[in-house]
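Step one of this worksheet: look at the structure below.
There are 2 protein chains.
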Amino acid sequence: MEYEQLKLGNQVCFPIYAASRLITRAYQPLLDQLDLTYPQYLVMMVLWENDQVSVNTITDKLILNTNTVTPLLKRMEVLGLITRKRSETDERSRTISLTEKGLKLREQAALVPMQLAEKLDVGELNIDEIIDLRDKLNRLIEAIKN
Amino acid sequence: MEYEQLKLGNQVCFPIYAASRLITRAYQPLLDQLDLTYPQYLVMMVLWENDQVSVNTITDKLILNTNTVTPLLKRMEVLGLITRKRSETDERSRTISLTEKGLKLREQAALVPMQLAEKLDVGELNIDEIIDLRDKLNRLIEAIKN
DNA sequence: TGATGAAATATCGCACGCGATATAAAATTG
DNA sequence: CAATTTTATATCGCGTGCGATATTTCATCA
């Protein structure tokens, strides 16, 4: 059994990669109604939890780089969801704030998690297993981040 | 506790999304030595396990669409790793085959899984937990695929 | 057998995602 | 305080990833 370690079925990383894309696909029809992409939805979740944050705060929470987040935020500004003002205390920094429209969207978005849970069909994995999955992934993430 | 379901920390999907990207980042320095990207490495794994397959086989195994895979394969053809011949029995189909160079690369690639495991630092999650994680993800994937 | 539908792959446009690099402002340091 | 380093964000180029649509060939069926 040479090269056993190179088989797809023996990989942990591939299921994570595949699951990530499948989940994004499952979200998309729901998010279309909010005119958001999945990464944009994540940014909104950060802001709904904590308005008026720096770009750095967003990159940290979402574990993304500025070269991903800056254009993302610009598109969201065009959509009228956020503003990107320069910080008054530190001219290098930008303060990202929700607009009225962005804040309002939260009400519609509140339905999304439940709708997604239905799409994922809880039958295959029960709540405890989902929580266990989440915790293991979070530990894996911490391990990789060092 | 309004909008509790919209908090990042309560999501399962976000850790999957984040872990996927972190893993790809961790792979990249190792794959750079083989001049491969992570998706290209996945295609190679499919072919090393089963040479001479159709585009459809690859899209099925990797759960990707043709509009992702076709350009991916074209780039890999330019790299001299594969060939893309039209099938003789069905002119619509293409047979993807490894070149000598592509086949040879397997020897170097065989080291990658171990090198990655070291990078991910097994300390945080032990082998049994990793296997459990993999199995839960595979069940989740099956559930989403319906 | 000719029309009609299905299957396999490809093209287009757009939004990420990131390594490498740039720019400007703040912090540090000699 | 001027020079240097660090920090925060932005730009560039390229490779995915995918919805929508097109193209070519095969299968089916009236």
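Residue numbers (the numbering used here), protein chains in the order written: chain A, 1 to 146; chain B, 1 to 146. Beta carbons are placed, not taken as given, at the ideal position from N, Cα and C, and that holds for glycine.
Residue i vs residue j beta-carbon contact at 8 angstroms
{"i": "L31 of chain B", "j": "Y38 of chain B", "result": "yes"}
{"i": "L8 of chain B", "j": "F14 of chain B", "result": "yes"}
{"i": "A110 of chain A", "j": "Y3 of chain B", "result": "yes"}
{"i": "K85 of chain A", "j": "T95 of chain A", "result": "yes"}
{"i": "V43 of chain B", "j": "L72 of chain B", "result": "yes"}
{"i": "A26 of chain A", "j": "L120 of chain A", "result": "yes"}
{"i": "Q52 of chain A", "j": "S97 of chain A", "result": "yes"}
{"i": "S20 of chain B", "j": "S20 of chain A", "result": "yes"}
{"i": "N65 of chain B", "j": "T59 of chain B", "result": "yes"}
{"i": "L82 of chain B", "j": "T68 of chain B", "result": "It is worth fixing the name first, because residue 82 of chain B is Ile in this sequence and not Leu. Not closer than 8 angstroms, so no."}
{"i": "I16 of chain B", "j": "I16 of chain A", "result": "yes"}
Residue from the options whose Cα sits closest to the Cα of residue i
{"i": "N10 of chain A", "options": "B:D60, B:I127, B:R25", "result": "B:I127"}
{"i": "D90 of chain B", "options": "B:K119, B:L72, B:S54, B:A117", "result": "B:S54"}
{"i": "L168 of chain B", "options": "B:L125, B:L105, B:E129, B:E49", "result": "Examination of residue 168 of chain B is not possible in this model, given that chain B is present from 1 through 146 alone."}
{"i": "L125 of chain A", "options": "B:N56, B:E124, B:I144", "result": "B:I144"}
{"i": "V112 of chain B", "options": "B:S93, B:M45, B:I16", "result": "B:M45"}
{"i": "I107 of chain A", "options": "A:I16, A:T24, A:L34, A:R92", "result": "The sequence given here has Glu at residue 107 of chain A, not Ile. Of A:I16, A:T24, A:L34, A:R92, the residue nearest in Cα terms is A:L34."}
{"i": "L103 of chain A", "options": "A:T24, A:V12, A:E49", "result": "A:E49"}
Helix, strand or coil at residue i according to DSSP, with G and I counted as helix
{"i": "T37 of chain A", "result": "coil"}
{"i": "V12 of chain A", "result": "coil"}
ask   = Is the region 123-139 of chain A touching the region 124-142 of chain B, taking contact as three or more C-beta pairs under 8 angstroms?
value = Yes, since at least three Cβ pairs between the region 123-139 of chain A and the region 124-142 of chain B fall closer than 8 angstroms, the two stretches touch.
message = Is it the case that the region 74-90 of chain A contacts the region 106-118 of chain A, given that we only count it when at least three CB pairs across the two stretches are under 8 angstroms?
response = By the Cβ rule, the region 106-118 of chain A does not count as touching the region 74-90 of chain A, because fewer than three pairs are nearer than 8 angstroms.
request  = Output the residue ranges of the alpha helix (DSSP H) runs that lie fully inside the region 62-88 of chain A and measure 4 residues or longer, sorted by chain position.
outcome  = Runs of the alpha helix (DSSP H) inside the region 62-88 of chain A: 66-78.
request  = Jot down the residue ranges of each uninterrupted alpha helix (DSSP H) in the region 82-138 of chain B, minimum 4 residues, whole runs only, in chain order.
outcome  = Within the region 82-138 of chain B, the complete alpha helix (DSSP H) runs of at least 4 residues are 100-109, 112-119.
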